[in-house]
Structure formats: C-alpha cells, structure tokens
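Line order of the protein sequences matches chains A, B, C and D. The first sequence runs 2 to 458 under the numbering used here. The second sequence runs 2 to 458 under the numbering used here. The third sequence runs 545 to 798 under the numbering used here. The fourth sequence runs 545 to 798 under the numbering used here. We treat Cβ as the ideally placed atom computed from N, Cα and C, and that holds for glycine.
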Amino acid sequence: MPKYTSMAYKSWDDMIFGTAPHPVSIGIGPIELGKKHVYPQIVPHPRPGSEATKEKILREYQRMTDDALGRCVALGFPGLVIEFEHIYQMTSQPEWAAAIFTQAKGQMQDYYDKYGLKSALVSTVADLRKPDMVHMRHSQELDWMLASFESTAAGGADVLSIESMGGKEVFDYAVQRQDIKGVIFGIGVLSSRDMEWLWQKIVATAKKNNITPGGDTDCARGNTAMFLAGGYTATDLPHTFAALARACSAARSLVAYEQGATGPSKDCAYEDPIIKAITGVPISMEGVASACAHSEMQSNIVSAVVDLWSNEAVEYHDMFAGSSVEVFTEILGYNVAQMNAAIELGTAKELRDINIASDKYRDVHGFMLSPDNAYEIGKAIVSKVDSYYLRSKAAVLKTADLIAADKKLVLTEHEREALDKARKEVDQLPDNEGDFVDMCLSEYKKVPGFDPTSYGY
Amino acid sequence: MPKYTSMAYKSWDDMIFGTAPHPVSIGIGPIELGKKHVYPQIVPHPRPGSEATKEKILREYQRMTDDALGRCVALGFPGLVIEFEHIYQMTSQPEWAAAIFTQAKGQMQDYYDKYGLKSALVSTVADLRKPDMVHMRHSQELDWMLASFESTAAGGADVLSIESMGGKEVFDYAVQRQDIKGVIFGIGVLSSRDMEWLWQKIVATAKKNNITPGGDTDCARGNTAMFLAGGYTATDLPHTFAALARACSAARSLVAYEQGATGPSKDCAYEDPIIKAITGVPISMEGVASACAHSEMQSNIVSAVVDLWSNEAVEYHDMFAGSSVEVFTEILGYNVAQMNAAIELGTAKELRDINIASDKYRDVHGFMLSPDNAYEIGKAIVSKVDSYYLRSKAAVLKTADLIAADKKLVLTEHEREALDKARKEVDQLPDNEGDFVDMCLSEYKKVPGFDPTSYGY
Amino acid sequence: MARTVADIADFTPIFVRYDVKIAPKKRGAEDVSADPVLQAIARGVVDGDEDVVSDATDKAIAAKGPETVIDTLIAGMREVSKLWDDGVYFLPQVILSSDALMVGLTKAEDAMGGKATKKGTVVMHCAHGDIHDIGKNIAAALIRANGFLVIDLGSDVPEDTVVKAIKDNKAHLVTGTALMTTTMSAFAKISDMLKKEGVELPFVCGGGAVSEEYVTSYDMGVYADVAKDGPGFAADASSGMSWQDMRAKWNLVV
Amino acid sequence: MARTVADIADFTPIFVRYDVKIAPKKRGAEDVSADPVLQAIARGVVDGDEDVVSDATDKAIAAKGPETVIDTLIAGMREVSKLWDDGVYFLPQVILSSDALMVGLTKAEDAMGGKATKKGTVVMHCAHGDIHDIGKNIAAALIRANGFLVIDLGSDVPEDTVVKAIKDNKAHLVTGTALMTTTMSAFAKISDMLKKEGVELPFVCGGGAVSEEYVTSYDMGVYADVAKDGPGFAADASSGMSWQDMRAKWNLVV
Ligand code: B12
Ligand code: B12
C-alpha cells in the first residue's frame with residue numbers, strides 16, 4: 002500500500018472538532034462522524050470477579066450498556082458510541098466476546114426503536130501477543146485475536162480496533178534507559194512493521210463483515226512514556242523525552258490508515274491530531290472526561306480537533322449519582338453538547354482556541370499536540386515517505402525543534418538537558434533504514450525475548 | 002436588616018463567570034473570588050466505616066486532602082477551595098470537626114509553603130434540625146450546630162456555610178402533592194424566617210473568628226424538587242413544577258446575604274445565578290463535574306456566571322487513575338482552566354454563550370437559570386421588598402410567565418398542564434403575607450410534626 | 545459576528561427531546577363498577593379527591609357494606625397504578641389518590657369496628673443519623689395504599705428501636721433507607737442484631753447512597769431501587785417468600 | 545477581535561509551573577572513597593557507565609578483593625538513590641546505574657567463585673492474564689540493585705507457578721503486579737493456596753488497578769504504591785518482619 006505523501010488540510014487553522022475531510026458512518030442511526038458533530042464514546046470496564054463465568058460477565062455488560070443508553074435518553078443526548086475494550090477473557094474466548102457484543106447490539110437496537118437514540122459499537126480486541134513471550138506472527142494468542150475480530154464483527158460490532166503490541170519489548174527496555182534510538186526502533190520501525198502485517202488482516206475481516214476498520218494506538222509505547230513522565234512532581238521520565246516518543250507514535254499509527262483503516266481512530270492515541278492533519282479521518286480522543294482512567298497534562302487541548310470524545314475506561318461501580326458508567330456518560334454528553342453548541346452558534350473556532358490556550362504551554366505533550374504544531378509534525382512525516390524509520394526520525398527532529406524554538410514554553414534544566422541529549426543522539430543516527438536496522442538488531446539482541454523474526458527480519 | 006431593592010447589574014449581559022461586583026478573599030494565598038478568575042472547589046466524602054473512630058476519620062480526611070492538593074500541584078492548578086460538608090458525626094461531635102479542620106488547614110499551609118498553591122477551606126455544618134422532629138430554635142441539635150460552627154471556625158475554616166432546613170416538613174408534604182401553595186409557604190415563608198433567625202448567629206460567629214460567612218442553599222427543598230423531577234424519562238414530578246419551586250428558592254436563599262453573608266455561596270444552590278444578579282456576590286456552582294453526585298439537565302449552562310466550580314460531593318474510593326478525589330479535582334481543574342483561558346483570551350462571553358446554548362432549551366430548569374431569565378426573576382423578587390411571601394410569589398409568577406412565553410421551549414402536555422394549574426392556584430392566593438400565613442397555618446396543621454413556634458409564630 | 549442562542553432554529557444537534565417523543569396520550573381510567581356509588585368511590589380515588597371519596601363511601605357502606613367499599617377503593621387504586629405505569633400520571637397524582645383512598649379506608653374500617661385485616665405488616669425507617677426520608681415516605685404511601693399495615697418509625701432511628709419494632713409487630717418485612725455512606729452501616733448492624741436474636745425476615749434497603757453491592761453483603765438484605773417496587777416487596781414478604789428468594793428475584797447479584 | 549494564545553503574556557491565571565518552582569539545583573554525587581580506583585567504581589555506578597565500572601572493577605578486585613568492590617558498588621548506588629530522592633536524577637539514570645552496578649557485581653561474584661550472599665530472596669511476577677509489566681520490571685531493577693536475589697517469573701504467570709517458585713526458592717518475599725481489575729483476583733487465589741500449603745510470607749502487591757483496599761482484604765497482602773519502595777519491602781521481609789507488621793507500617797488501612 003502507498004504511504005501518505007501529503008496533508009489533508011491546507012493549513013492547521015482549518016482543523017476543527019466535529020469536522021473531518023473523510024467522514025465515516027457507523028452503527029444504528031447511523032452515527033456520522035466528521036460531519037459537523039461530535040459524539041460521546043463511553044468505555045466501560047467490568048468489575049473484578051465478573052469475569053468468573055459467562056453468565057456473570059454477560060449480566061455485567063448488560064447493566065453497563067443499559068446504564069449508558071438510559072442516561073443518554075434521560076438527558077437528551079443525540080447519540081452514543083460504546084466501546085468494549087476486550088478483557089483477556091474475551092479475546093481468549095471468542096464466543097464469550099461474540100455473546101457480549103450480540104447482547105449489547107440488541108439493547109442498542111431497542112433504544113433506537115423506542116427513543117430514536119443513535120448508537121454504534123466498537124470492538125477493541127486485546128493484543129495478547131506480548132512480544133518477549135510469544136511470536137507475533139505465529140501463536141495461539143494471534144489465533145485467538147483473529148477469531149475474536151471475526152466473532153465480534155459477526156456479533157454486532159460496527160468498528161474493529163486494536164492497541165497493537167509490536168516493538169514493545171525493545172521500547173520498554175529503551176524507555177527505562179532514556180534511549181531515543183531504541184524508542185525510534187521499537188515504535189518507528191518494529192511497531193510499524195507489525196501493524197503493516199496485522200492491519201491487512203483486520204481490514205479484510207472488517208470488509209468481509211461490511212463494517213468499519215477503525216484504528217490503532219501507540220498506547221503500548223507512547224502512553225507508557227507519557228504515564229512515566231507524569232505530572233510536574235514525577236521523576237520517572239523527562240516530559241521532553243515522552244514528547245519525542247509521541248512524535249514516533251504518529252509516524253507509526255499512520256500505518257493503520259495506509260493499510261485501509263478509515264477511523265474512527267482509537268481514543269487513547271494521543272498522536273491522533275497529527276494523524277488527522279495527515280489523513281483527514283475522524284478521530285476519537287480522550288481528555289478531561291478520561292480523568293477516571295489516568296491523569297494527564299493536556300486534557301482540554303486534545304479536544305481541539307476531536308470527532309468522538311471518550312472517557313478511555315471506567316470501572317463499573319456505584320457513585321452517589323448512580324453507576325460510574327452513568328456518571329461518565331453524563332460528563333461526556335455535556336462535554337460534547339458544549340462543542341456541538343459552539344458548532345451551531347458558529348463559534349467553534351473560539352472554543353477550540355480557548356482549549357488550546359488552556360494547555361499549549363502547560364506541558365510539552367500538550368504543546369506538540371496543539372493543532373499548529375501537530376500539523377508541522379505531520380508535514381515532517383509525509384516528507385519522508387520511503388521509510389518508516391526516516392519518517393519517525395523526521396517527526397522526532399521536528400518535535401525537538403519546535404520545543405526548543407518556542408520561547409513561551411518553559412523547561413526546567415533537567416528537561417532541556419534531556420531534550421538536547423536526545424536531539425544529539427538522533428542527529429548521529431544513520432541516514433537510511435537499512436543501516437539503522439542493522440545497528441539496532443545487533444545492539445538490541447540483549448533485550449530479553451526480542452525476536453527479529455517476529456517482524457519479518 | 003434591610004431587604005434587597007435593586008439589582009447588582011444593569012443588564013444580564015454584564016454577568017459573566019469569574020467576575021463579581023463584590024469580590025471576596027478567603028484562605029491561604031489568598032483565593033480571590035470574583036476578580037477575573039474561576040477556582041475549583043472539591044468536596045470529598047469519607048467512605049462507609051471511616052466514621053467509626055476519630056483516628057480513622059482523621060486518616061480518611063488527611064488522605065482525601067492530600068490527594069486533592071497533590072493533584073493540583075501535579076497539573077499546575079493555581080488554587081483550590083476544599084469544602085467539607087459535615088457528616089452527622091462531625092456536627093454532633095464538634096471536637097471531631099475541629100480536629101479534621103485543623104489537620105486539613107495544616108496540610109494546605111504545607112502545600113502553600115512548598116509550592117505556592119493557594120487554597121481555602123469551607124465548613125458546611127450539617128443542619129440536624131429536622132423540623133418535624135426537633136424544635137428549630139431550642140434543641141440539642143441546634144446547640145451541636147452552633148458549637149460546630151464555632152469549633153471549625155477556630156480550627157481553620159475560612160468560610161462558614163449551611164444547607165438550612167426550615168420549612169422542610171411543609172415543603173415535603175406539599176411537593177409530593179404538587180401543591181404550589183405549600184411550596185411557597187415552606188420555602189418562601191418558613192425557610193426564609195428560619196434563615197433570618199439562624200444567619201444572624203452564623204454571621205456573628207464568622208465575624209468573631211474573622212472569617213467569611215458564605216451562604217445557604219435551598220437544597221433541602223429546591224433540589225429535592227429538582228431530583229424528583231429528574232430526566233426526560235422520570236415521572237415523579239413535572240419539571241415545570243420543580244422550576245417554580247426553584248423560583249421560591251431564590252427569594253429564600255437571598256436572606257443569607259441580607260443577614261450579612263458575603264459569598265462564596267453554597268455550590269448546590271442552583272438559584273445562585275438569580276442571587277448573583279441581585280447581590281453581586283461571588284457564587285459557587287456545580288454542573289458537569291458534579292455528575293458524580295447527581296444527574297441533572299443543566300450541567301453546562303450553570304457555569305455561565307460561576308466564580309467557584311464544584312463537584313458537589315464525591316465518595317472516596319479507588320478508580321483507575323487514582324482516588325475519586327484526585328479524579329474529580331482533575332476534572333474541576335481543567336474545567337476552570339477552560340474558563341480562565343477564555344478570560345485571558347478575551348472570549349469569555351463566547352464561552353458563556355456556548356454554555357447557555359447547550360442547555361437553555363434542554364429543560365425548564367436550565368431555561369430559568371439562563372442568565373437572561375435569572376435576571377428577570379431577580380427583578381421580580383426585588384420589586385416586592387416588604388414580604389418574604391410576596392417576593393416568592395412574584396418569583397413564581399415571573400418564572401411561569403417566562404416559561405409560558407418562550408416559543409423555543411417545548412413542553413409536553415403534562416408539563417404544560419402542571420404549569421397552568423400551578424399558575425392558576427398562585428393567582429388565587431392572598432395579596433398580603435398575613436392572610437396567606439393565616440390560611441397556611443390552618444391548612445398545614447395536618448402536616449405531621451409541623452410546629453409554628455419553630456418559626457416564631 | 546457570532547450568533548446567540550436566539551438564532552438557533554434547530555436544537556437537535558445539541559439535544560433531542562425524547563420526553564416529547566415518548567409522551568403518552570392523555571387518557572382517563574377504566575370504570576371499575578357499573579354501580580354509580582361504587583364507581584364514584586373509584587373515581588374519587590382516581591382523581592385524588594378526598595371529598596368525593598368521603599361522601600360516596602358513607603353512602604356505599606350503608607348500601608353495600610364496608611368489605612365491598614374496601615374492594616372498590618383497591619380497584620380504584622389499581623387503575624391509578626396503571627396510569628402511573630403508562631406515564632399518564634406522575635407521582636403526585638398517585639400520592640393524592642392514596643390520600644383519598646386512606647379517607648375511605650378509615651371509614652370502612654371504622655364501620656367494621658376496627659382495622660380490617662391487612663395483607664401484611666411492614667416496619668419502615670431511615671437509618672440512624674440519617675434524615676433523608678422522602679424516598680421512604682413515598683414508598684410508605686405506596687405500600688399503605690396497597691393494603692399493607694405500615695409501621696413508620698420515622699428517620700434517624702436507633703438500631704435497637706428497629707429490632708424491637710420488628711419483634712413487637714411480628715413484621716413480615718422491614719425496610720431501611722439511607723442516603724449517606726456514613727449512615728448505611730446501621731443496616732449491617734441491624735442484620736447482625738436480628739441474627740443474634742434468631743429473627744429472620746427480608747430487610748429491603750434503599751436510598752441514594754445505598755448500593756446493591758452493599759445491601760447484598762449482609763444477611764437478609766434485599767436491595768430496592770425505586771419506591772414503586774415497595775408494594776411488590778411487601779407482597780412477596782407477606783406471602784412468606786424468603787429473603788434469599790427475594791434477593792434472587794429483585795437483585796442482579798454479580 | 546479575540547486574541548490567540550500567542551497574545552497571552554502571562555499564563556499563571558491558567559496554570560502555574562510548579563515544576564520550575566521546585567526544580568532542584570543540579571549537583572553531583574558525594575565521593576564514596578579516597579581510593580581512586582574504588583572511587584572510579586562508585587563514579588561509574590553514579591554515571592551509569594558500564595565500561596568504567598567494568599575496568600575499575602577488574603583493577604580493584606585484584607588490589608582490594610571482591611568484598612570491598614561489592615561494598616563500593618553498593619555505596620555508589622546509595623548516592624544514586626539520594627540523587628533520585630532529591631529530584632536530581634530521574635528513573636532512567638537509576639536504571640542505567642543499576643545496569644552498571646550489575647556488571648561490577650557479576651565480576652565480583654565470579655571472583656568469589658559463585659553468588660555472593662544476597663540480603664534476601666524475592667519472587668516477582670505479573671498476574672495471570674496480565675501483561676502490564678513495566679512497573680514490576682522497574683521494581684525488580686531497584687530491588688536487585690539493592691543487593692537482593694530477584695527471581696523474576698515474568699508476566700501472565702499462572703498461580704501455581706508462583707506458589708511453586710516461592711517454595712522452591714525459600715523466598716522471603718513474593719510480589720505481584722496487576723493493572724486490570726479482572727486479573728488482580730489471582731492474588732487472593734495465591735494467598736489462599738499459600739495458606740493451604742502452610743506457607744506464610746509477605747505478599748507485596750502493586751500496579752495501577754490494584755488498591756490498598758483490595759490488597760489488604762486477603763491474608764499476607766501488603767499494598768505497594770510505587771516501585772521506589774521495592775527495596776524497603778525486600779529489606780523488611782528479609783529481616784523477618786511479619787506481613788501483619790509490614791501492612792501496619794506501609795499501609796494506611798481504614
Ligand atoms: C501502558 C499500558 C498498556 C501497555 C502495557 C505496557 C507494559 N508492558 O506494561 C499495553 C499497551 C501493552 C497495554 C495493554 C492493555 N491494556 Co493497558 N494500560 C497501560 C497504561 C496506559 C499505563 C500503565 C503503565 O505502564 N503505567 C506506568 C507503570 C510504571 O505503572 P504501574 O505498572 O502501575 O507500576 C507502578 C506502581 O503500580 C508500582 N508497582 C507496580 N508493581 C509493583 C511491584 C512492586 C513490588 C512494587 C514495590 C511496586 C509496584 O510501581 C510503579 C510506580 O513506581 C494503563 C493506564 C492506567 N491508568 O494505568 C492502561 C491500563 C492498565 N490498560 C488497560 C487495558 C484494558 C489494557 C488492554 C486489555 C487493552 C486492550 N483491550 O487491548 C491490554 C491488556 C491485554 C492483557 N491481556 O493484559 C486498562 C485496564 C482496565 C482494567 N483495570 O481492567 C488501563 C487501566 C487503561 C484504561 N484506563 O483503560 N496497556
Ligand atoms: C434532598 C437532599 C437532602 C435534603 C433531605 C430531604 C429529605 N427529607 O429527604 C436535605 C437538605 C435535608 C439534605 C441534608 C443533608 N444532606 Co442531602 N441530599 C439530598 C439530595 C440532593 C436528594 C435526595 C433525594 O431526596 N432524592 C430523591 C428521593 C426520592 O430519592 P431516595 O430517597 O434515594 O429514594 C429513592 C430510592 O432510593 C428508593 N427508596 C428509598 N428508600 C426506599 C425504601 C423502600 C422500601 C423502597 C422500596 C424504595 C426506597 O425510592 C426512591 C425512588 O423511587 C441528595 C443527592 C443525591 N445524589 O442523592 C443529597 C445527599 C444524599 N445529601 C448529602 C449530604 C452530605 C447531606 C448533609 C450531610 C449535608 C450537610 N452537611 O448539611 C445533610 C444531612 C444531615 C443528616 N444528618 O442527615 C450527600 C450524602 C453524601 C453521602 N452519601 O455521604 C448527598 C448524596 C448529596 C451529595 N451528593 O453530596 N439532603
């Protein structure tokens with residue numbers, strides 16, 4: 002498949018929440034993404050113990066689904082996307098997964114029939130291929146995954162997505178050592194190669210079932226780095242280093258769309274503003290309403306160009322106002338009501354710019370995801386079309402340059418040193434993919450469990 | 002004390018979040034409310050069982066406080082207000098309450114010394130005077146309450162507030178029967194009289210301790226009606242009826258400020274936009290981030306003129322991202338960051354109008370709290386200065402008129418009938434307070450436990 | 545220039561008025577009797593009109609006897625429930641109907657020279673330290689209107705008062721309401737005290753703070769979601785259903 | 545006209561850069577030895593430089609004997625911990641230091657003709673069905689660097705494998721990591737299995753999904769908040785502290 006060589010927008014300023022150059026229709030209603038409307042996306046997680054039997058897990062999902070749909074009707078939300086991120090027991094037992102999806106789809110149809118509530122269902126299969134433990138291209142785990150894509154597609158899923166695991170073994174080793182070379186290799190090369198291989202299968206399954214191949218996220222790497230970087234008081238990883246890792250994530254997550262995915266993207270792919278700038282697909286993002294799932298420093302700015310607004314994940318439990326699923330459906334619904342009201346009023350850009358001002362300079366992660374910078378990073382990526390390695394490297398260099406150049410962005414001494422050190426190391430890397438890969442294959446032999454044949458080497 | 006006779010603003014359009022004609026400074030830093038900035042207000046609640054011993058409850062509050070302050074520093078929030086709504090065991094044991102407040106204030110001082118984080122502490126004493134069970138003016142419960150105001154003021158509280166209980170016995174009886182007369186009597190007359198009596202004591206305690214008398218809320222009545230009304234699918238009480246009850250709430254909650262309270266108001270007083278229009282005090286409100294505490298139909302519009310943004314209450318427990326207190330501190334912090342960014346950008350009115358558009362026509366409660374309508378209701382209230390009864394009646398009539406007149410506001414048949422019926426009943430009520438009170442004293446004798454001497458009759 | 549809310553013609557992208565979509569057609573109740581006086585009683589209940597019920601009851605007691613009056617009152621109330629179920633009535637109409645019903649019932653019982661046999665006895669209370677009682681009051685009104693004897697202990701009720709009332713009244717069912725996380729622990733205590741005394745009966749617990757998970761963590765606990773279910777709980781318990789069976793029927797335990 | 549973010553001069557009303565406020569002054573480590581070769585070992589550890597440590601270790605083993613080398617390596621690591629505590633070092637510097645330390649340690653142990661006595665034995669794993677292992681890996685590196693023997697069973701480890709490893713290795717401490725609500729129930733199972741076999745030892749559990757409340761709900765469980773505390777747990781357990789005492793020390797049980 003060809004690689005992206007140009008941008009979907011003429012200027013970053015054309016990017017706005019709710020609108021995408023390549024809209025997508027999914028589910029019952031249908032839910033139209035990218036056509037001047039932002040929808041909420043609730044992601045519920047079952048309680049400990051509910052995985053014990055098929056009957057229990059079905060009840061748990063039934064309740065969670067009903068809570069989410071019921072709250073939408075009570076408050077007047079026009080539509081809802083529900084995502085089930087498979088737990089281990091679903092992907093490893095494709096017939097459980099199928100039953101859960103079929104049940105939810107029936108509930109969604111009932112709400113549509115009774116109230117006219119639109120909805121769609123996303124199946125995010127768990128990537129159980131832990132690269133240091135199982136082979137990426139031949140293993141029981143892979144077979145389960147493919148069977149689960151198939152069974153949930155047949156069972157009523159409208160979108161197939163994944164958080165794929167390629168390159169994680171090398172990345173984990175490298176990120177703990179603040180080693181940018183290993184990060185580029187793990188994310189930019191290994192993960193991209195794994196995606197190219199895996200996404201052909203996912204797209205084929207989606208097509209066969211006449212549903213939508215959604216997207217992939219660099220969660221396993223980009224978000225690990227982001228969480229390690231943490232807030233202002235954390236000292237696990239420099240924030241500048243995590244931002245450079247995120248630049249690679251964009252070059253990497255693009256592969257899904259090159260292989261035929263159309264969006265909606267995966268919510269936890271913080272690299273999505275860059276992806277949207279390049280591809281024009283509708284993106285799912287998470288921010289202030291995903292505070293239940295993790296803490297972050299860019300909760301408002303990530304809504305700037307969003308099409309589907311998610312809470313990432315909330316465990317089912319009781320709160321004063323009802324269940325946590327009801328609570329977060331309500332928060333998401335009002336968040337998107339604000340965005341949709343702005344669209345109807347004609348002040349969407351004002352709202353976008355307010356959200357940009359909230360976080361652009363709070364932290365480097367928000368800074369690089371600010372649509373203006375995201376656009377520039379996207380341009381660097383599409384300028385290097387011939388190699389996964391080179392486009393990742395270009396993204397890292399562009400990000401480092403943007404961070405270094407902006408006077409409003411304050412960095413501590415430690416953060417700046419980390420940036421300068423990484424920048425210097427990247428400058429010394431080879432100019433072509435072959436040399437880089439040879440170098441890395443020899444250096445990262447030492448990473449426990451790293452098996453180059455998992456990536457077709 | 003004189004009653005309000007005029008509005009604090011020339012026009013509703015001058016009202017905006019973060020700015021109040023009469024700013025208030027509280028706590029460490031200090032936190033300046035009403036001076037072009039909105040602060041977050043977190044209200045944590047202890048877990049079941051933690052009330053068992055003083056040691057346990059102190060640990061619980063210590064953790065909750067640390068979680069809230071720590072998250073602010075991690076994410077860069079400039080300041081935080083923490084409210085402790087007393088549980089029964091605090092108000093009934095004033096020395097427990099004092100210890101809890103002293104401990105929290107010490108933690109807040111530490112964070113200020115170490116990081117410069119501003120903060121302030123609100124003591125909301127539980128009104129344990131259940132009017133059908135205890136006398137409002139002479140009882141053990143009253144003594145506990147006054148002692149708790151005193152002990153928490155001495156212990157480090159910066160603001161004293163309450164959700165006072167007057168008139169609840171009559172109101173509860175009336176609201177269950179959709180009886181607008183009883184609602185006006187319970188809220189407009191009895192609760193106002195109780196507040197006049199009680200607030201002189203609260204203001205005196207605050208003055209003595211050199212801290213701030215905050216505000217009171219019609220929670221016990223206005224919110225009970227609002228919760229009974231519920232969402233689109235509930236059938237416990239017509240929404241139009243709840244909106245008329247809320248109109249009385251505004252006439253009633255005003256009494257605190259007439260007796261010397263200065264704000265910040267109580268977060269759960271949804272009548273506060275009307276109060277702000279009349280008094281110009283900074284108001285605390287709750288909306289999208291209080292979805293943890295209850296569901297509502299006006300979560301965005303209530304931020305239109307807010308100064309302090311609250312989550313109402315969240316029970317302490319674990320979520321994926323940390324504790325629920327950390328999660329909701331984070332949500333509140335980003336919500337106010339959005340508002341403060343708009344202020345700094347000069348697009349605060351655009352954001353306000355977006356939030357108005359989100360909910361003005363979703364439901365009658367949001368409709369009447371829309372700043373334009375809130376202002377009109379305020380005018381009706383201050384036009385009838387000589388009587389608590391008459392100003393409540395005027396508020397109800399104005400609200401009914403506004404609802405009936407606005408063509409964009411769609412009502413179901415049942416909702417419109419409820420509105421018309423109430424309107425007709427109010428039209429037939431006496432023209433002066435004496436006659437009205439005589440009528441009600443005789444009619445509501447039948448309410449179990451109603452004792453007119455509790456209100457000085 | 546940016547527009548204001550007044551310029552928006554169509555709000556459906558922001559919110560959808562599902563309430564308007566599902567609003568039922570207004571309709572009246574079915575007649576319950578061909579007899580005009582009995583039908584007047586039923587209509588008085590349906591309309592929540594105490595005066596009408598009072599007058600018609602006086603007449604009917606003389607003409608038909610108090611048992612027939614009681615049956616008619618209950619039949620009227622059944623129509624009220626149907627209207628509520630269908631969304632034609634809201635709760636206040638039901639409460640007013642139950643007020644009216646109580647007027648008739650008291651008269652009929654007086655005429656019978658004492659309390660008519662009730663379907664069962666229910667002890668109700670709000671937890672110690674908790675004064676949130678509106679949910680309990682609504683449930684009490686509905687249970688009473690369905691022909692059960694309700695012993696309402698009020699709110700902020702000490703645990704031993706509850707236990708004593710259960711024993712003294714030989715209750716079929718006890719209910720508890722709590723809206724605060726720091727008061728609902730009283731339920732577990734009551735359950736323990738009952739066990740110690742060898743008393744076993746269904747203990748239906750509800751209220752905002754209370755979760756099914758919590759209520760099903762102690763013996764006898766059955767979780768109640770809405771007041772509307774009150775009469776159903778009372779009927780099950782009075783018919784001798786065990787708390788285990790009631791829990792299995794009403795709760796979705798994980 | 546509305547301004548853009550570029551026009552904002554002062555962001556403090558929107559956010560405050562507390563990180564800048566509390567950023568420590570950069571500083572180096574204290575010297576740990578007056579001897580230049582030993583100091584080179586320590587410096588190599590502090591700098592995370594495997595080559596320097598390797599060379600200096602070779603020299604020092606000959607000149608001072610392996611025990612002194614080990615002491616020096618540990619002393620260097622102690623300086624690293626101080627720098628981390630003060631925020632001068634971030635985690636990667638600590639991991640690189642521990643890599644360097646392991647190079648020296650391996651040489652010294654080889655010179656002693658086998659493993660040096662470790663301070664204690666720690667069995668570590670991620671829960672069955674769970675592949676989130678980065679927190680465990682960090683904790684393992686820190687515990688190892690503090691002189692303990694770590695048996696790392698990896699991730700997605702069946703319960704009986706864990707129990708067997710504890711018995712086979714006579715472990716002082718077992719640790720578990722889980723980041724999913726649906727995998728952490730494995731911990732309670734392991735606790736039960738150990739009890740049944742009469743084995744009792746502290747079971748330190750951590751990971752994003754895991755709460756103190758959950759971990760302290762089964763026997764032996766001690767909740768771990770951050771990887772940094774790993775060496776402290778290992779030290780307590782190896783010194784014979786009971787799980788009850790460790791729980792009291794490390795956890796704030798309600
Ligand atoms: C990175 C990540 C991943 C990576 C894992 C990388 C790895 N090798 O660990 C990848 C992408 C592979 C992944 C996969 C999945 N993930 Co994931 N993941 C995360 C994420 C974003 C961050 C976790 C992380 O690395 N944190 C940083 C590390 C350092 O923290 P930590 O492990 O907790 O360790 C700290 C402490 O706990 C402590 N500690 C831990 N262990 C020990 C041990 C000792 C002895 C001591 C002293 C201390 C200690 O020390 C550390 C701090 O100093 C979380 C989000 C979150 N809120 O946690 C989700 C999260 C854990 N993942 C989640 C899910 C659902 C999944 C998937 C099922 C998604 C899917 N459907 O594909 C799959 C898992 C499939 C499977 N079978 O397991 C959910 C879990 C929901 C739930 N609780 O049920 C979370 C919470 C995300 C969310 N909010 O939805 N994930
Ligand atoms: C109205 C209200 C009040 C009123 C109470 C009115 C009254 N007479 O009940 C007033 C103002 C007095 C009040 C006071 C306080 N309140 Co209050 N209150 C509320 C509020 C806003 C609504 C409750 C309500 O009336 N709901 C409607 C009724 C109908 O619902 P319900 O009682 O739950 O009943 C339903 C079901 O549970 C069920 N049900 C209930 N019982 C039974 C029984 C049977 C048999 C059956 C079948 C069904 C059933 O049927 C009903 C539906 O059909 C809630 C918010 C919330 N999220 O719940 C807070 C809330 C309960 N209050 C709270 C607090 C903290 C207080 C105060 C301590 C505040 C203070 N510091 O002053 C004081 C209490 C002092 C004390 N000692 O008790 C917190 C509790 C926090 C916690 N869980 O610990 C809440 C959750 C608000 C919040 N989010 O912070 N409150």
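Look at the Cβ atom of residue i, then the Cβ atom of residue j, and state whether they are nearer than 8 Å.
i	j	result
SER311(A)	GLN108(A)	no
ILE203(B)	PHE150(B)	yes
LEU635(C)	LYS662(C)	no
THR413(B)	ASP643(C)	no
ALA405(B)	ALA423(B)	no
THR616(C)	VAL576(C)	yes
THR725(C)	GLY750(C)	no
VAL647(C)	GLU594(C)	yes
ILE344(A)	GLY80(A)	no
ILE1(A)	LEU147(A)	Residue 1(A) cannot be examined here, being either before or after the span of chain A that is shown, 2 to 458.
Apply the 10 Å Cβ neighbour rule to residue i and answer buried if 16 or more other Cβ atoms are within range, or exposed otherwise.
i	result
ARG571(C)	exposed
SER443(B)	exposed
VAL282(B)	buried
ALA606(C)	exposed
Roughly how many angstroms lie between the CA atoms of residue i and residue j, to the nearest whole one?
i	j	result
LEU627(D)	ARG587(D)	13 Å
GLU653(D)	THR601(D)	11 Å
VAL798(D)	ARG64(B)	Bear in mind that a pLDDT of 46 at VAL798(D), under 50, signals an unreliable position, so the model cannot answer this.
ARG547(C)	TYR389(B)	39 Å
PHE777(C)	ILE639(C)	19 Å
LYS453(A)	MET134(A)	Looking at the sequence itself, residue 453(A) is Pro, so the reference to Lys does not match. If you take the alpha carbons of PRO453(A) and MET134(A), they lie about 13 Å apart.
GLU272(B)	LEU34(B)	19 Å
VAL328(B)	ALA158(B)	24 Å
GLY264(A)	ALA305(A)	17 Å
LYS446(A)	SER165(A)	22 Å
LEU199(B)	ALA278(B)	24 Å
ALA105(A)	TYR62(A)	7 Å
TYR233(B)	VAL632(C)	14 Å
VAL581(D)	LYS603(D)	7 Å
What distance in whole Å lies between the Cβ atoms of residue j and residue i, which are believed to be in contact at a cut-off of 8 Å?
i	j	result
ILE181(B)	LEU245(B)	6 Å
query: Taking one C-beta from the segment 330-338 of chain B and one from the segment 288-300 of chain A each time, how about it: are there three or more such pairs within less than 8 Å?
result: yes
- request: Specify whether the segment 702-715 of chain C and the segment 749-763 of chain C touch according to this definition: at least 3 beta carbon pairs, one from each stretch, less than 8 Å apart.
  value: no
- request: Could you say if the segment 108-122 of chain A and the segment 24-33 of chain A meet the contact criterion of at least three C-beta pairs nearer than 8 Å?
  value: yes
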